[in-house]
Each structure stands twice: as C-alpha cells, then as structure tokens.
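Position one of the sequence shown corresponds to residue 6 (our numbering), numbered consecutively onward.
As structure tokens, the structure follows; a few thoughts come after it.
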Amino acid sequence: MTDADRAWEGEPGPGERAPHGSPPPGRRGPDGSPPTGDRAADGSPQPGHPGSDGTPPTGDRAADGSPQPGHPASDGTPPLGDRASEGSPLAVALSPAAGRRALQEAVRRHGYAVCYGRLDDWGGEAGAEPDVREMLGPDWPRYRTAREPLVRARLLGSRRLLRYAVAVASGIEPDRVAVGRDGRGRPFLHRPAGLDVGISHTTDMLVVAVARGRRIGVDVEASDRPLLAAGLAERFCHPRELAELRGLPPAERNLRLVRLWTLKEAYTKALGVGLAHDFCRLRPRRGPRDDSWRLGRTAPGWLLRCDRVEGGFLIASALGPRDGRDDGTPEEGNRVNHVSIHR
Numbered sequence: 006m007t008d009a010d011r012a013w014e015g016e017p018g019p020g021e022r023a024p025h026g027s028p029p030p031g032r033r034g035p036d037g038s039p040p041t042g043d044r045a046a047d048g049s050p051q052p053g054h055p056g057s058d059g060t061p062p063t064g065d066r067a068a069d070g071s072p073q074p075g076h077p078a079s080d081g082t083p084p085l086g087d088r089a090s091e092g093s094p095l096a097v098a099l100s101p102a103a104g105r106r107a108l109q110e111a112v113r114r115h116g117y118a119v120c121y122g123r124l125d126d127w128g129g130e131a132g133a134e135p136d137v138r139e140m141l142g143p144d145w146p147r148y149r150t151a152r153e154p155l156v157r158a159r160l161l162g163s164r165r166l167l168r169y170a171v172a173v174a175s176g177i178e179p180d181r182v183a184v185g186r187d188g189r190g191r192p193f194l195h196r197p198a199g200l201d202v203g204i205s206h207t208t209d210m211l212v213v214a215v216a217r218g219r220r221i222g223v224d225v226e227a228s229d230r231p232l233l234a235a236g237l238a239e240r241f242c243h244p245r246e247l248a249e250l251r252g253l254p255p256a257e258r259n260l261r262l263v264r265l266w267t268l269k270e271a272y273t274k275a276l277g278v279g280l281a282h283d284f285c286r287l288r289p290r291r292g293p294r295d296d297s298w299r300l301g302r303t304a305p306g307w308l309l310r311c312d313r314v315e316g317g318f319l320i321a322s323a324l325g326p327r328d329g330r331d332d333g334t335p336e337e338g339n340r341v342n343h344v345s346i347h348r
C-alpha cells in the first residue's frame, strides 16, 4: 500500500513510527515487503484465479459463472453447497442484479456484509475528470499525482466498489454516497448516515465492508504470502502465539502467520489506529466456531473472522460490539457475510 493508501485505511501517516518500534507504516510490511493490506503498491490481495479473467475453470462453474454446488473450486475452496455446514460465510459471484440482492439480504438479516470484487470489474476507464474528482473526494489529489496506472486503477476501483456497496446496502444511488476520511485517515461516510465502512486491497482483489451501527474493519492477503523469515513472527505475534507456532510444519505455520496478521490488521483498522497498535499484545483465539475468533478481555464484544475465498486469498474482518454490548457474547446467527459483486 502506498503511504496515501495507508492513511485512507486507518494506518499511521507517512513517516510515523508505531510506538512499539514497528517500521513506518506505508513503507514496508513485517517481512520487508510492501505492507500487508496493499500487497502491491496500493494494497490489494494477490490474484490467484486460474482463468485469464481470474475465474475458476468453466467446468467448475454454473451457467452464470458461479462455482457449482458440490464442486470444489480449482484452488481448493469448499464447494458452495458444503459451506454452510462448515460455518463459512456465504460467497456470491453473480450478475449485478443477483449481487445486489445478496448484499441487501446480508445487511437486512445481519446488519453488515463484507464484499469483494476484482480490479477488472471495478478499475476500468476513469471517465470525465469532474466525475472522478467528485467520486474520490479527499483522495483526488493522490489519484491525480499517482505515477503508476495500476495504482490509479486500484484507487479508483476500490472507491467505486465501496460506493456501490454502500448504495446497495442503504437503498440510494451511488452518486449520493459521500465518503470522507477522519483525522487518522480512516474512511467514514458523510452520507448516508448510520453506516460504518472498511476497505482493503492487494494486487487485483478489492475488499470493502459495510456495517450498520457498528465499527468494522477488513484486511485481505494472499494465503501463501511468505512470512517465515527469521525474526519476523516475533515482530507481530503474542508470546503464546509464538509458542503455538513452533511445533507446526512450515506450510501450516506460514498460513497461521498470514491469518494472524490479517486478523490483527482488520481489528486495528476498525479502531482507526492500524500499525500504531502493538500487534504483539493482541492474541486472537478461536471462538465457538472454527471460522470465528475472539480477543477476549482485550476487546470484549468484538467478533473476528478470517475466511479463505476463491483465488487463494484470506479475508479477515473485525466487527465491533453493538451499542451497549460489551460482554463479548456473539448473538445467535452472528456471521460476517462475504459477497462477491460483479458489475
């Protein structure tokens, strides 16, 4: 992620150093690569779809392009028909109309949803300058000065996806959605009121989140991002996590590290502090279901999830407690809904 993108997503500003000695956010991640959350220059998840357009092979997909129930995706993602029994979130990859309905239903039933889309779908032609400037709002200056076309496309695509998701969730037109940034760079909505939002991206994957009356943060990462470099885990893992990691085979240990990193980033993005928080003090632990995580006394009432989606990406989300809820008890049916929206 670029320094500017870090600011948008709630990370400390350029050149700032986290109080616990982390590298300046927006420059290098814990492994010395671009910070997690914008794995490329701007922070989108790594592509991994086998088809040239990023979709699973035709034989694994229904006529509308979605994976057929009972058929695993080419990257090993559980088949759609089996996901409910595993407690995994609902993943929908449909036409614009079906995508809209799925998102509306998720927000209606659960009050929030996590949505992901591809850069090819959302990062196309910019259009007239006045329209782009109006849509990007406070991000227009860095879009205008970005030198790399891919960075501009990610910035534009992620904001298009965010405005679209908010519009669908709230029942207004996308051009009525007004997005701003707070003093720490965290995204918020000027219009409509009552919704919280989150955003993350890496390579060609764009992820946004919408929640009603609750804080929400998201992070996305390629599940196979190498994080086994010597001394790296010690920079963001709790001491007990380090002890649990020592006995794992390398591949499993790396996957666990990626999962822990994304969970912690999602939570700190929701708070609006990002890498300024000491990740070593956070210890996500599995909740009642395999796909849910809790932070215990550190953050009562917060619900964390980390799910693998098509293409080999991990999407982590952190949902804050409802107004007045601070006991950390999840409500019946509480689940983060991942909705893939295609234009």
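Positions of the beta carbon are idealized from the N, C-alpha and C atoms, including for glycine.
Computed from a predicted model, the values in this text were never measured in an experiment.
Let me know if residue i comes out buried or exposed under the rule of 16 or more other beta-carbons within 10 Å of its beta-carbon.
i	result
I177	exposed
T267	buried
T150	exposed
F284	buried
P231	exposed
R191	buried
E257	exposed
E246	buried
A198	exposed
G301	exposed
L253	exposed
S136	For the sequence presented, residue 136 should be read as Asp rather than Ser. Result: exposed.
P289	buried
R147	buried
R350	Any property of residue 350 remains undetermined from this structure, which presents the chain solely from 6 to 348.
D312	buried
E270	buried
R164	buried
A281	buried
R310	buried
Since residue i and residue j should fall inside the 8 Å C-beta cutoff, what is the C-beta to C-beta distance between them, to a whole number of angstroms?
i	j	result
I221	A323	7 Å
V184	Q109	With a Cβ gap of about 20 Å, V184 and Q109 do not count as contacting.
T372	A234	Residue numbering for the chain in the displayed model covers 6 to 348; residue 372 lies beyond these limits and cannot be assessed.
G162	L211	6 Å
V223	L200	V223 to L200, Cβ: 14 Å. No contact.
G218	R327	7 Å
P317	D229	The identity of residue 317 in the sequence shown is Gly, whereas the question assumes Pro. Rounded, the Cβ-Cβ distance is 6 Å, consistent with contact.
Y272	A304	7 Å
W307	G325	6 Å
On the three-state DSSP scale, how would you describe residue i?
i	result
D126	helix
R33	Its pLDDT being 42, under 50, R33 is placed unreliably in this model, and the value from its coordinates should be taken loosely. Three-state result, R33: coil.
G176	coil
P305	coil
P154	helix
P143	helix
G162	helix
A281	helix
A323	strand
V119	strand
D136	helix
G104	helix
R186	strand
R291	strand
G59	Any reading at G59 must be qualified, since the residue scores a pLDDT of 36, below 50, and its modelled position is unreliable; the value itself is stated next. If DSSP states are grouped into helix, strand and coil, G59 belongs with coil.
R191	coil
P52	Residue confidence is low: P52 scores 35 on pLDDT, short of 50, so the model does not pin down where it sits. No coordinate-derived value is stated.
Starting from the C-beta of residue i, find all residues in its chain whose C-beta is less than 6 Å away, skip the five residues before and the five after it, and write them out in chain order.
i	result
V213	C120, L166, L167, A170 and I204
V182	R168, V171 and A172
R88	Low confidence applies here, because R88 scores a pLDDT of 33, under 50, leaving its location unreliable; read the following figure in that light. Correct list: empty, nothing qualifies.
Once you ignore the five residues that flank residue i on each side, which residues in its own chain have a CB closer than 8 Å to its CB?
i	result
C242	L250, L262, L265, F284 and C285
So, at 7 Å on beta carbons, what are the nonlocal neighbours of residue i in its own chain, with the 5 sequence-adjacent residues on each side left out?
i	result
A158	L124 and G128
R105	V173
Examine the ligand SAM and report whether any of its heavy atoms sits within less than 7 Å of the Cβ of residue i.
i	result
L268	Absence of the ligand SAM is noted for the structure shown, with no ligands found whatsoever.
> Enumerated in chain order, which unbroken segments of the alpha helix (DSSP H) with a length of 4 residues or greater are wholly contained in the segment 194–274?
Replying inline: 244–251
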